[in-house]
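Asker: Take any residue in the sequence shown, note its place counting from 1, add 53, and you have its number in this note's numbering. For every residue, glycine included, the Cβ atom is placed at its ideal position computed from N, Cα and C. No experiment lies behind these values; they were computed from the predicted model shown. Got a structure for you, questions after.
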Amino acid sequence: MHESILKERQLTTCTTPITLQDIRTLKELYTLKAETKELREPIVRNIIKQRVVGRACVESLKNALYSLETIYIDDNTGHRLLRLDGMKQIEVDLTYEIRELQKDIYYLEYGEDKFIDYLAKFMPEFRAYVNKGVNMLKGKHFSAFITDRDGTTNNYCGRYRSSIQPIYNSVFLSRFAKNCCTHPIIITSAPLKDFGILNVSINPSHTFVYAGSKGREFIDLDGEFNSFPIEEDKQKLIHRLNDHLRVMLQDPDFEKFNFIGSALQIKFGQTTVARQDISSSIRDDESSAFLEKVKSIVREIDPEGKNFRIEDTGLDIEIILTIDVDENDSLIKDFDKGDGLAFISRELGLEGSSGPILVCGDTPSDIPMLKAAMEMFDDVWTIFVTRDHELKKEVQEICPKSITVPYPDILLTILGLLSL
Numbered sequence: 054m055h056e057s058i059l060k061e062r063q064l065t066t067c068t069t070p071i072t073l074q075d076i077r078t079l080k081e082l083y084t085l086k087a088e089t090k091e092l093r094e095p096i097v098r099n100i101i102k103q104r105v106v107g108r109a110c111v112e113s114l115k116n117a118l119y120s121l122e123t124i125y126i127d128d129n130t131g132h133r134l135l136r137l138d139g140m141k142q143i144e145v146d147l148t149y150e151i152r153e154l155q156k157d158i159y160y161l162e163y164g165e166d167k168f169i170d171y172l173a174k175f176m177p178e179f180r181a182y183v184n185k186g187v188n189m190l191k192g193k194h195f196s197a198f199i200t201d202r203d204g205t206t207n208n209y210c211g212r213y214r215s216s217i218q219p220i221y222n223s224v225f226l227s228r229f230a231k232n233c234c235t236h237p238i239i240i241t242s243a244p245l246k247d248f249g250i251l252n253v254s255i256n257p258s259h260t261f262v263y264a265g266s267k268g269r270e271f272i273d274l275d276g277e278f279n280s281f282p283i284e285e286d287k288q289k290l291i292h293r294l295n296d297h298l299r300v301m302l303q304d305p306d307f308e309k310f311n312f313i314g315s316a317l318q319i320k321f322g323q324t325t326v327a328r329q330d331i332s333s334s335i336r337d338d339e340s341s342a343f344l345e346k347v348k349s350i351v352r353e354i355d356p357e358g359k360n361f362r363i364e365d366t367g368l369d370i371e372i373i374l375t376i377d378v379d380e381n382d383s384l385i386k387d388f389d390k391g392d393g394l395a396f397i398s399r400e401l402g403l404e405g406s407s408g409p410i411l412v413c414g415d416t417p418s419d420i421p422m423l424k425a426a427m428e429m430f431d432d433v434w435t436i437f438v439t440r441d442h443e444l445k446k447e448v449q450e451i452c453p454k455s456i457t458v459p460y461p462d463i464l465l466t467i468l469g470l471l472s473l
């Protein structure tokens, strides 16, 4: 394990240092986060190749951290405030952005052993959970590693656009992908790009299969794009829906929903729009009114409810194109991550693979993915990240070879240690 990652000499990869910045607008926040992505990517590549990282890189991360920590805090509410445009302001919870930078800096300055000790300070029974996971999975080489991202292998963030993958996270995940499995696959509800998982991930190229929109679209290890077929008439309907939602979000009464959580995500065969974030920055009555407005738009476009299904998570409104269960009857269903995994498996030739399969998730939306894996493969293992007792019970009933852990960083540490 790395005793020291940081050295005095500067790497040529740190060619665009981050300076101290006075962040006053949401646009400036997103620009800074994009700069941290550009900085973090080559750092991960060098660590994976067992090269040292120059101090200029960590100084840039410290500048980014200080720039976030000094964003204006309202004296009355204690919340940080950023301008949208002109005089309009929005409260922002930067817990994710600040904590992940702090962890990256600690990881680079003190090395992996001390970093794991550092994580253990903040999570009860950290070592017990880690040891249980390592003991369950040690010595296995997985045919496939199938995982969700947000809340599973990545801590939740108040704004998807800000959820840039941390350095330590990428090192642990990428090392596991390369050393412990043949087909590493990330299946997320977010789109692939514009703005999606490819925009927030810093793993080295050709390390993961990235599947967006619950698996309707994916990029394989060779960089080839694949997509689940959608009927032309349904494509037209979802384009109409997206146009209506874009117009609605320009309304001054609703524009704030552009800047929280998932915001508006145009996916392949699905659209997501946030109505609340993990910090509850929107009043409950406003959030509920927004939900009803979205439902009315969907009813207007699909009055019989045959083409769209609405799933409300409390944070996100997911509008999903249905798929035909059987061409010979009229049964329809939502496209879920189980359908996505089945599609990806067919395209990559995974069906009938021998060897163990590891599935990781954190919410009920990941259950179809686990069920599909149990149907397709003989030796399935799973780790779910949850503190929900009902979900824990359901996971155990579906897959006996399972454990649950309470935090993503515990799962990451298990994967990181297994890959050494």
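#1: Just to confirm, are Ile-239 and Arg-202 a CB contact at a threshold of 8 Å?
#2: Give a yes or no on contact between the stretch 245 to 257 and the stretch 119 to 132, applying the rule of three or more CB pairs nearer than 8 Å.
#3: On the three-state DSSP scale, how would you describe Glu-400?
#4: What is the residue span of the beta strand (DSSP E) that Lys-141 lies within?
#5: In terms of alpha-carbon separation, which member of Gly-204, His-292, Phe-321, Ser-333 lies closest to Phe-312?
#6: May I ask whether a heavy atom of the ligand FAD can be found less than 7 Å away from the beta carbon of Arg-352?
#7: To the nearest whole angstrom, what separates the beta carbons of Ile-250 and Gly-268, a pair I think is in contact under 8 Å?
#8: What is the rounded straight-line gap between the Cα of Pro-461 and the Cα of Asp-286?
#9: Tell me Arg-212's beta-bridge partners as DSSP assigns them.
#10: Residue range of the beta strand (DSSP E) that Ile-486 falls in?
#11: Does the pairing of the stretch 172 to 181 with the stretch 105 to 119 give three or more beta-carbon distances under 8 Å?
#12: Leaving out five residues before and five after Arg-133 in sequence, what residues of the same chain have Cβ atoms less than 8 Å from its Cβ?
#13: Provide the residue span of the beta strand (DSSP E) that contains Ala-342, from first to last.
#14: State the DSSP-derived secondary structure class of Glu-277, mapped to helix, strand or coil.
#15: Quick one: grab the DSSP three-state call for Ile-71.
#16: Measuring straight from C-alpha to C-alpha, what distance separates Gly-186 and Asn-295?
#17: Do you know how far the Cα of Gly-322 is from the Cα of Glu-364?
#18: Does the Cβ of Ala-181 have 16 or more other Cβ atoms within 10 Å, making it buried, or fewer, making it exposed?
#19: Closest to Lys-386 by C-alpha separation, out of Arg-362, Pro-409, Ala-109, Arg-228, would be which residue?
#20: Can you check whether the C-beta of Lys-167 is within less than 8 Å of a C-beta belonging to chain D?
#21: Among the candidates Pro-453, Ala-425, Glu-428, Ile-420, whose CA atom is the shortest distance from the CA of Trp-434?
#22: Can you check whether the CB of Glu-371 is closer than 8 Å to the CB of Thr-416?
#23: Which whole-angstrom value describes the C-beta separation of Lys-445 and Thr-439, a residue pair presumed to lie in contact below a C-beta threshold of 8 Å?
#24: Buried or exposed: Val-300, going by 16 or more other Cβ atoms within 10 Å of its Cβ?
#25: Beta strand (DSSP E) containing Thr-435: first to last residue?
#26: Jot down the residue ranges of each uninterrupted beta strand (DSSP E) in the stretch 110 to 140, minimum 3 residues, whole runs only, in chain order.
#27: Would you list the residues sitting across from Gly-265 in a DSSP beta bridge?
#28: As a quick exercise: from Ser-120, Arg-328, Pro-305, pick the residue whose alpha carbon is nearest that of Ser-316.
#29: Please report the Cβ distance between Leu-394 and Ala-426, rounded to the nearest whole angstrom; I am assuming they are in contact, meaning their Cβ atoms lie under 8 Å.
#30: Which stretch, first to last residue, makes up the alpha helix (DSSP H) that contains Ile-169?
#31: So Val-262 and Leu-274 are supposed to be a Cβ contact under 8 Å. How far apart are they, rounded?
#32: Figure out for me which residue from Ser-196, Tyr-159, Lys-141 has the closest Cα to the Cα of Tyr-221.
#33: Leaving out five residues on either side along the sequence, give the residues of the same chain with a beta carbon under 8 Å from the beta carbon of Glu-91.
Answerer: By the coordinates alone:
#1: It is a contact, given that the beta carbons lie within the stated cut-off.
#2: With a cut-off of 8 Å, the stretch 119 to 132 and the stretch 245 to 257 do not count as touching, because too few Cβ pairs lie within range.
#3: In the structure shown, Glu-400 sits in a helix (DSSP, three-state: H, G or I).
#4: Under the DSSP assignment, Lys-141 falls in the beta strand (DSSP E) whose first and last residues are 141 to 145.
#5: Ranking the options by Cα distance to Phe-312, first place goes to Ser-333.
#6: Ligands are entirely absent from the displayed structure, and the ligand FAD is therefore not among its contents.
#7: Contact flag wrong, Cβ pair sits at about 12 Å.
#8: Rounded to whole angstroms, the gap between the alpha carbons of Pro-461 and Asp-286 is 40 Å.
#9: Gly-314, per the DSSP bridge assignment.
#10: Because residue 486 is not part of the residues shown, which for the chain are 54 to 473, the question remains open.
#11: As far as the Cβ criterion goes, the stretch 172 to 181 does not touch the stretch 105 to 119, which means the pair count is below three.
#12: Answer for Arg-133: Ile-124, Tyr-125, Ile-126, Asp-127, Glu-144, Val-145, Asp-146, Leu-147, listed in chain order.
#13: Element bounds for Ala-342: not the beta strand (DSSP E) but the alpha helix (DSSP H), 337 to 354.
#14: Note: Glu-277 maps to coil in three-state DSSP.
#15: Coil.
#16: Roughly 42 Å between the two C-alpha positions.
#17: Straight-line spacing of the CA atoms in Glu-364 and Gly-322 works out to 14 Å.
#18: When all chains shown are included, Ala-181 counts as exposed.
#19: It is Arg-362.
#20: Judged by its chain identifiers, the structure shown contains no chain D, having just a single protein chain.
#21: Minimum Cα distance to Trp-434 is reached at Pro-453.
#22: In this structure, Glu-371 does not lie closer than 8 Å to Thr-416 by Cβ.
#23: Contact flag correct, Cβ pair sits at about 6 Å.
#24: Classified as exposed, Val-300 has fewer than 16 neighbouring CB atoms from the shown chains inside 10 Å of its CB.
#25: It spans 433 to 438 - the beta strand (DSSP E) in which Thr-435 sits, taken as one unbroken run.
#26: You should have 133 to 138.
#27: BP columns for Gly-265 point to Glu-270.
#28: Here the sequence assigns Ala to residue 316, which means Ser is not the residue at that position. That would be Arg-328, whose Cα lies nearest to the Cα of Ala-316.
#29: Contact flag correct, Cβ pair sits at about 7 Å.
#30: Element bounds for Ile-169: 148 to 173.
#31: Between the beta-carbon of Val-262 and that of Leu-274 there is about 6 Å, and that keeps the pair under the 8 Å contact cut.
#32: Checking every option, the nearest Cα to that of Tyr-221 belongs to Tyr-159.
#33: So the list reads Thr-69, once near-sequence residues are dropped.
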